[in-house]
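What follows is a set of notes on a single structure, which appears directly below.
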Amino acid sequence: MSRISLVAGNWKMNRTAAEARELVSTMSAKLREIANVEKVVCPPFIAIPALAALLEGSGIGLGAQNLHWEAKGAFTGEVSTDMIKEFCQYVIIGHSERRAYFGETDESVNRKLHAAMKAGLTPIVCVGETLDQYESGKTAEVVRRQISAGLAGIDSAAAARIVVAYEPVWAIGTGKASSGENANHVHQDVIRPALAELLGAENAQAIRILYGGSVTASNAAEFFAYPDIDGALVGGASLKPDEFVAITKAAVRS
Ligand code: PEP
């Protein structure tokens, strides 16, 4: 099964709208030249409308970093799928920083995923174990639970649109990336079988599984050489235009 690679930049809480425009302007021409890779930038909410105007017709997608599952109402500070959909095609759900600092649970991930699917957005659902869980050999158990609870009840007819990002928490922002071999093992032997159980073998093969955690221009090719690594969710390096362009180039499948 050939899956087109996807490289998404998670800017986290970095860049004002003006800075975001500048950052995209410095890399959009080079990014749009790279064919056969889906390219996405996920800036803070407040920069999204400005970037939507800038990226129109560029083939570079725009994603939000979070959403609320309710359609509208008394939810101060939250952003609904309709609001996101006006500008974006993608949304990150369940990032480990949201799980660690903002009370995100597998249950809230699941509610958000249902809302994103209903809205026609492409969700990038993040899973991954902490350092403690990794060191105590619980990676498979934790990731399996995050997949089965986070993706529960999803209609298998639309499930191929889902993107999963395996992001070991110990590798995020630490400069200590997983090895390609370890990431591919989790994708192939843990995530795809869990997806198959939930959504069927065909969907499990079609769903893109990205690796995230200290991906840089220097290590990207190592990850993309593995057959079950379908792209990357990139944090820090996505704020550096040359790095992000180089990572995206490395993701082109031969
Ligand atoms: C992330 O925030 O999703 C991430 C992978 O960050 P970094 O690339 O900086 O480790």
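So the number in our numbering is just where the residue sits in the sequence shown, counting from 1, plus 56. Virtual Cβ for every residue (Gly too), placed ideally from N, Cα, C. Computed from a predicted structure; not experimentally measured.
Sequence-distant residues of its chain with Cβ nearer than 8 Å to residue i (five each side left out)
| i | result |
| --- | --- |
| E163 | A205 |
| L295 | G65, W67, N70, R71, L79 |
| F29 | Limits of the chain in this structure are 57 at one end and 310 at the other, which puts residue 29 out of reach. |
| S81 | L110 |
| A208 | N166, L254 |
Residue i, enclosing beta strand (DSSP E) - first and last residue
| i | result |
| --- | --- |
| L123 | Careful: L123 lies outside any beta strand (DSSP E) and carries neither H nor E. |
| P179 | 178-183 |
| G268 | 264-268 |
| L169 | First-last for L169: 162-175, but that is the alpha helix (DSSP H), not the beta strand (DSSP E). |
| A221 | 219-222 |
| I148 | 146-149 |
| E94 | 93-98 |
| A288 | 287-290 |
| V63 | 61-66 |
C-alpha distance - residue i paired with residue j, whole-angstrom precision
| i | j | result |
| --- | --- | --- |
| E153 | G268 | 13 Å |
| I285 | R200 | 17 Å |
| A156 | P105 | 28 Å |
| P249 | H151 | 22 Å |
| I228 | V290 | 9 Å |
| I210 | I203 | 11 Å |
| A252 | A216 | 11 Å |
| E112 | E75 | 18 Å |
| E160 | L169 | 12 Å |
| T272 | S84 | 18 Å |
| Y146 | I247 | 21 Å |
| G292 | G129 | 34 Å |
| K194 | E185 | 8 Å |
Spatially closest choice to residue i from the options, by CA coordinates
| i | options | result |
| --- | --- | --- |
| L177 | G119, P224, T161, T230 | G119 |
| I263 | A233, I228, P179 | P179 |
| G287 | S81, E223, L110, F143 | E223 |
| T304 | R77, E75, V97, A76 | V97 |
| A214 | Q121, L255, K141, D245 | L255 |
| E278 | Q261, V308, S235 | S235 |
| H243 | M139, Q121, A175, A196 | A196 |
| T137 | L107, L266, V198, M173 | M173 |
| S58 | I265, P297, N275 | I265 |
| M139 | I149, I116, A175, V198 | A175 |
| Q121 | F158, S192, E142, I149 | I149 |
| I102 | A73, E191, A276 | A73 |
Residues near residue i in its chain [Cβ-Cβ closer than 7 Å; skip 5 each side]
| i | result |
| --- | --- |
| K86 | V301 |
| E134 | H124 |
| K232 | W226, S270 |
| E126 | S136 |
| N259 | S212, A215, A216, L251 |
Residue span of the alpha helix (DSSP H) that contains residue i, given as start and end
| i | result |
| --- | --- |
| K232 | Unbroken run through K232: none, as it is neither H nor E. |
| I140 | 137-141 |
| G206 | 195-206 |
| A214 | Where A214 is concerned, there is no enclosing alpha helix (DSSP H), given that its DSSP letter is neither H nor E. |
| S84 | 73-88 |
| A252 | 248-255 |
Spatial neighbours of residue i in its chain, beta-carbon cut-off 6 Å, leaving aside the 5 residues before and after
| i | result |
| --- | --- |
| N240 | Y282, D284, I285 |
| A307 | S61, V63, V93, F280, G287 |
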